[in-house]
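Asker: Okay, handing you the structure first.
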Amino acid sequence: MAVLTQIDEEAYSTKGKWFLETGFGLLSGQHKNFDTIEEAIGWVGRHTFSEPA
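Numbered according to the working numbering, the sequence shown spans residues 1 to 53.
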């Protein structure tokens with residue numbers, strides 16, 4: 001599980017970027033920026049679920 005937040009554009013001079021605020025389980029301790037929510041969701045999925053057999 002992960003908590004994704006949209007970065008505050010005014011405070012951090014970004015536009016529409018997303019941040020992995022905190023991760024749980026396999027994502028514990030991870031912090032990462034993403035350009036889009038789709039990129040963030042894809043990354044979380046790849047790092048959370050194993051490849052199908």
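Backbone N, C-alpha and C fix where the C-beta goes; we use that ideal spot for every residue, glycine too.
Starting from the C-beta of GLU39, find all residues in its chain whose C-beta is less than 8 angstroms away, skip the five residues before and the five after it, and write them out in chain order.
Answerer: The answer, listed in chain order, is TRP18.
Asker: Taking the DSSP output, what are the residues bridged to VAL3?
Answerer: Note: VAL3 sits in a beta bridge opposite THR22.
Asker: Could you name the residues of the same chain whose beta carbon sits closer than 8 angstroms to that of LEU88, not counting the 5 residues immediately before and after it, in chain order?
Answerer: The displayed coordinates of the chain run from 1 to 53. Any statement about residue 88 would go beyond what the structure contains.
Asker: Compute the Euclidean distance between the alpha carbons of GLN30 and ILE37, then round it to the nearest angstrom.
Answerer: The straight-line gap from Cα to Cα measures roughly 16 angstroms.
Asker: Have a look at ASN33 and GLU9 and give me their C-alpha separation to the nearest angstrom.
Answerer: Cα to Cα, the separation comes out at about 13 angstroms.
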